[in-house]
Amino acid sequence: TNFSFKSFSQYFRFTFQVVGVNLHNAGEWNIISGEGTIMKMKKLPVGVSDFKDIVSGIYCYVDKTIFIKEIIDKGDKILLVPRPRRFGKTLNLSMLDCFYKCSPGLTESVAPPVKTGDNPMRKTFESLNIGKAGAEYMDKLGQYPVIFLSFKTIKELDWKTSISKIKKLIRDEFLKHDYLLKSPELKPQEKEYYNAITDLKGDLDDFEESLGKLLIFLNRFYRKRVVILIDEYDSPVQAGFDHKFYEDIIN
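Under my numbering, residues 20 to 270 are what the sequence shown spells out, in order.
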């Protein structure tokens, strides 16, 4: 059969189908013959790296959820994932965030046990490859508190501006978990420290310790280990190298 394509995206979509890549929610595609349009296709997620957006049904999605199984099977405490640009690192971290993240018990002093069946992302993950991997993997859905930081926007020209943006990035992560302030699990001094971070009134030492402190607070609240995801940690380092404050940023 002879096919002609109106755009590169149609050719790209057709090529992926031929080589057998699993495209989740791929929908219909536009294949144009001499007699007109035969089928319709969904969008390619160019520039989209949020997992929830991509699996919403608007975009075609190459299913990489077996990466979750590989991480669980590997069991490493620390995992570095270096890959070329545009490989999908940010999307994979967003996927891990959606998979692991549990919802807080806002009216409880300690978070109640989370039921995987109540997780709003359960049906989505069940429809993907990780859902076919076995109950021992799906049982971990929505069972862990997550700290997720992305340094991708911190590409400043000087150290002062860089550290200011890093402090605000940490502040925003603390604000995501400000339900902790309602819990008696935090001592009064710890709540003062928490507020100093969210009000950007803490000194440099406070911010240097901040992720470790937040990890302790979340662990105490949920009684579970915490997943920490860090994306593009090298962006401010590269900026420091390019703009002569490398020693400041690495120290």
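Glycine is no exception: its CB is placed at the ideal position from the N, C-alpha and C atoms.
Note that the structure is predicted; figures quoted are calculated from it, not measured.
Asked, Found
"Answer yes or no: do Leu147 and Thr84 have a C-beta to C-beta separation smaller than 7 Å?", "yes"
"Cα-Cα, which of Lys206, Asp224 and Cys117 is closest to Ile247?", "Cys117"
"For Leu168, which three-state DSSP category applies?", "strand"
"Determine the closest residue to Glu228 out of Arg104, Met157, Ile189 and Ser68, with distance taken between C-alpha atoms.", "Ile189"
"Mapping the DSSP letters down to three states, classify Ile185 as helix, strand or coil.", "helix"
"Among the residues of its own chain, which have a CB less than 6 Å from the CB of Leu112, if the five just before and after it don't count?", "Leu248 and Asp250"
"I'd like the span of the beta strand (DSSP E) that includes Ile249, first residue to last.", "Val246 to Asp250"
"Could you name the residues that DSSP lists as bridge partners for Lys120?", "Tyr163"
"Would DSSP call Val100 helix, strand or coil?", "coil"
"Starting from Val256, trace the alpha helix (DSSP H) in both directions and tell me its first and last residue.", "Asp253 to Asp261"
"DSSP puts Lys62 in a beta bridge; with which residues?", "Tyr78"
"Give, in chain order, every unbroken run of the alpha helix (DSSP H) that is at least 4 residues long and sits entirely within the stretch 171–234.", "178–195, 207–217 and 223–227"
"Which of helix, strand or coil does DSSP assign to Asn148?", "helix"
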